[in-house]
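Colleague:
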Amino acid sequence: MKSYFIIALSFLLFSCLTEDSEEFKFTLPSHFPQPEYDFSKNKITKEGFELGRKLFYDGILSRDGSVSCGSCHIQSSAFTHHGHDVSHGIDDLLGDRNTPAVMNVAWSPTLFWDGGVHDLDLFAISPIENPVEMDDKLSNVLDKLRGHKDYPNLFKKAFGSSEITTDHFLKALSQFQLRLISANSRYDQFLLGDQNILNQEEKNGLKLFEKNCATCHAGVLFTDFSFRNNGIKHFGDLGRARITLQEEDEYKFKVPSLRNVAITAPFMHDGRFYSLEAVLNHYIDQITPSKNLDPLLKNKINLSESDKKSIISFLQTLTDKEFITNRQFSEQ
Amino acid sequence: MKKIVFQILVLSGIMISISSCTKELDENILGSLELEFENLYDGQRLVLNSQTYKNAMGEEHTVSQFDYFISNIKLTKENGEVFIVPQKESYFIVKHNDPASQKFTISGIPQGKYTNIKYLIGVDSMRNTMDVSERTGALDVGGAAQGMYWSWNSGYIFLKMEGTSPAAPLNQTTGQRGFRFHIGGFGGLNSKTINNIKEITLTAEDPFTVKENKTPHAHIFVDASKVMNGKTNVSIATNHTTMFNPFSVNVADNYTAMFKLDHFH
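Sequence lines, in order, name chains A and B. Residues in the first sequence are numbered consecutively from 0, following numbering that gives the first Met the number 0. Residues in the second sequence are numbered consecutively from 0, following numbering that gives the first Met the number 0.
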């Protein structure tokens with residue numbers, strides 16, 4: 000008797016979870032690996048996602064209301080701060096690193112150029128409290144939301160309680176960011192079987208890329224998430240060593256994904272290169288030797304002018320129109 | 000004969016009193032212990048801001064903030080048995096500007112005679128990497144732990160001491176000469192780095208008894224001057240900003256000596 004009841008109950012639960020409207024359907028891309036994020040601790044719901052989106056685009060997360068997450072992570076530029084070498088925050092203050100894309104974060108074992116944060120749910124505290132980004136305190140932001148006319152109700156809809164806790168606040172933001180999945184570029188369609196969607200030059204570029212770049216910019220995510228020194232000239236920023244305090248990690252940065260790279264200039268952790276052409280010139284003949292230079296780059300990469308053009312053509316096939324125009328990801 | 004009967008009587012009297020005594024300390028009955036952390040500097044109650052102190056390097060300074068985590072409390076009985084306070088109830092932040100935070104009660108302790116109190120200054124690496132839903136109470140990064148957490152390098156700050164000193168360089172934006180010791184580091188999640196988690200063991204001179212209706216009160220003195228003075232005498236002039244860096248290990252080593260179980264009442 001009891002077990003029947005449980006079976007009936009689990010059916011009920013199951014049907015609730017899959018009930019979400021067609022437009023909200025949330026599936027992981029079939030050609031991607033298993034995500035790092037543990038979705039069992041934060042079930043994505045329509046209400047949770049929409050709350051997260053509202054928070055992401057709301058300046059209430061900053062000290063004076065002027066800066067939202069969306070001010071620096073702009074959808075049309077694949078959620079980067081297109082055109083800014085280093086981030087540009089509250090009171091026009093500058094940060095020291097380039098804004099990376101908020102994209103496919105469910106697969107990132109660590110966040111930030113130096114991997115300082117290991118859990119997406121704990122991420123948002125950093126921009127909120129960074130004096131040159133949003134310059135507020137998390138506890139104060141929570142108090143502002145508690146006193147707001149809409150938010151308590153929206154939290155109730157999303158999490159069943161109008162009490163705004165640290166946990167629910169951070170998980171709502173995660174729900175929005177987890178859905179920012181870019182997996183539908185022309186290259187993806189090629190991978191999924193449409194052989195003719197890439198032209199010959201792009202296919203040549205792909206071959207050259209696989210030979211010269213894909214050890215680090217690996218797999219469908221275009222990164223192996225390791226920390227490496229790719230031979231750019233280094234100044235003050237110690238990179239990974241800021242987190243580990245180990246000499247062997249000095250000047251190493253996380254290998255960035257190259258999805259949507261054609262629309263996310265400038266490049267590198269400090270935004271020093273303004274074009275893909277400049278990046279390729281770097282790899283071809285500007286590698287700076289140093290003790291932590293990645294062994295893979297110790298030998299010169301030989302690419303002709305036309306090889307260079309092919310690689311750039313290939314990188315352009317990684318632009319995902321749907322990702323940058325999907326209305327569900329935009330400020331409503 | 001009479002004498003023997005008397006002896007038996009006395010003996011059994013003793014036995015009864017012994018057995019009633021052990022009965023009284025039935026381990027299945029639970030009691031509590033109150034801990035009080037009293038922050039001192041040079042043997043006097045620590046006063047924030049208005050009092051000037053001098054460290055072992057001869058540098059004058061004030062203290063504007065002195066906060067630290069106490070966690071993972073364990074009590075050891077006379078017979079060696081250890082009572083571990085359930086993890087979820089074992090995190091506290093002692094803040095000098097908040098007297099209520101300096102005293103707390105641990106309940107659910109099996110009755111008995113105890114000799115040792117052990118705890119960590121800081122937060123164990125497990126809790127440093129746990130899901131946000133587990134981070135409640137003292138560990139709530141948007142509540143009690145506001146300011147005791149590094150968001151850019153996920154991890155709790157174990158101890159924070161700040162103040163001003165003429166020995167510190169002038170900060171152009173604040174116009175102040177400040178020093179800041181923010182000590183943390185739980186050893187890293189997937190790459191090794193510094194670990195400043197420290198376990199403290201306090202031993203009572205005489206065992207203390209935890210009983211259902213008698214809560215002992217352990218009065219612990221915390222000498223804040225030990226943060227800078229000890230195995231490494233810290234110079235504010237050179238180490239005014241000690242946060243997540245290799246030197247922080249010396250500060251953490253120093254402050255392991257700052258606790259003293261002074262008395263019970």
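Glycine included, every Cβ here is placed at the ideal spot set by N, Cα and C.
Could one say the Cβ of B/Y148 lies closer than 9 angstroms to chain A's Cβ atoms, at least one of them?
Modeller: Yes, B/Y148 lies at the interface with chain A (some Cβ there is under 9 angstroms from its Cβ).
Colleague: Are the CB atoms of A/G47 and A/A171 nearer to each other than 9 angstroms?
Modeller: Yes, they are a contact pair.
Colleague: Assuming A/T318 contacts A/I262 under a Cβ cut-off of 8 angstroms, what Cβ separation, rounded to an integer in Å, is found between them?
Modeller: Going by Cβ atoms, the distance from A/T318 to A/I262 rounds to 6 angstroms, so yes, they are a contact pair.
Colleague: Have a look at A/P255, A/C212, A/N103 and flag the residue whose alpha-carbon is nearest the alpha-carbon of A/L302.
Modeller: For the residues A/P255, A/C212, A/N103, the minimum Cα distance to A/L302 belongs to A/C212.
Colleague: Closer than 8 angstroms by beta-carbon distance: list the chain B residues that pair up with A/T98, in chain order.
Modeller: Under the 8 angstroms cutoff, chain B gives no residues; its nearest Cβ is about 15 angstroms from A/T98.
Colleague: For the region 48-135 of chain B, which segments carrying the alpha helix (DSSP H) assignment without a break, of at least 4 residues, lie completely within its bounds, in sequence order?
Modeller: 124-127, all fully within the region 48-135 of chain B.
Colleague: Suppose you measure from the CA of A/V219 to the CA of A/D63; what does that come to, to the nearest Å?
Modeller: Looking at the two C-alpha atoms, the distance is approximately 40 angstroms.
Colleague: Helix, strand or coil for B/V221 per DSSP?
Modeller: Strand at B/V221.
Colleague: List the DSSP bridge partners of A/T316.
Modeller: BP columns for A/T316 are empty, so no partner.
Colleague: By the three-class DSSP mapping on this structure, what secondary structure does B/A144 have?
Modeller: Three-state result, B/A144: coil.
Colleague: Please confirm whether A/L169 and A/F38 have their CB atoms less than 9 angstroms apart.
Modeller: Taking 9 angstroms as the Cβ cut-off, A/L169 and A/F38 do not qualify as a contacting pair.
Colleague: Taking all protein chains shown into account, do 16 or more other C-beta atoms lie within 10 angstroms of the C-beta of B/I83, making it buried, or fewer, making it exposed?
Modeller: Flag for B/I83 reads exposed.
Colleague: Can you tell which of B/Q64, B/N71, B/G57, B/D25 has its C-alpha closest to the C-alpha of B/V122?
Modeller: For the residues B/Q64, B/N71, B/G57, B/D25, the minimum Cα distance to B/V122 belongs to B/N71.
Colleague: If you drop the 5 nearest sequence neighbours on each side, which residues of the same chain put their C-beta closer than 6 angstroms to that of B/E77?
Modeller: Cβ within range, chain order: K112, T114, P206.
Colleague: When DSSP builds the beta bridges, which residues end up paired with B/E33?
Modeller: DSSP lists B/T104, B/H216 as partners of B/E33.
Colleague: Going by DSSP, what residue range makes up the alpha helix (DSSP H) through A/Y150?
Modeller: Here the alpha helix (DSSP H) through A/Y150 covers 150-158.
Colleague: Hey, A/P265 and A/G82: beta-carbon distance below 9 angstroms or not?
Modeller: Contact: yes.
Colleague: In whole angstroms, what separates the C-alpha of A/Y273 from that of A/K307?
Modeller: If I take the Cα positions, the gap works out to 16 angstroms.
Colleague: Kindly indicate which three-state DSSP category A/R326 falls into: helix, strand or coil?
Modeller: Here A/R326 sits in helix by DSSP.
Colleague: Mapping the DSSP letters down to three states, classify B/D205 as helix, strand or coil.
Modeller: Of the three classes helix, strand and coil, the one that applies to B/D205 here is strand, per DSSP.
Colleague: Can you look up A/I311 in the DSSP assignment and give me helix, strand or coil?
Modeller: A/I311 falls in the helix class under three-state DSSP.
Colleague: For A/N211, which three-state DSSP category applies?
Modeller: Residue state, collapsed to three classes: helix.
Colleague: Check the C-beta distance from A/V85 over to A/L93 and give it rounded, since I have them as a contact under 8 angstroms.
Modeller: Correct: roughly 5 angstroms between the Cβ atoms.
Colleague: Ends of the beta strand (DSSP E) at B/Y155?
Modeller: Looking at the DSSP string, the run of the beta strand (DSSP E) that includes B/Y155 is 154-163.
Colleague: Would you call the CB atoms of B/G146 and B/D97 closer than 9 angstroms?
Modeller: No, the pair does not count as a contact, with Cβ atoms beyond the cut-off.
Colleague: Within 10 angstroms of its Cβ, does B/S153 collect 16 or more other Cβ (buried), or is it exposed?
Modeller: By the 10 Å Cβ count, B/S153 comes out buried.
Colleague: Can you list, in chain order, the residues of its chain whose CB lies under 6 angstroms from that of A/I163, leaving out five sequence neighbours each side?
Modeller: So the qualifying residues of the chain are L141, L144, R145, F154.
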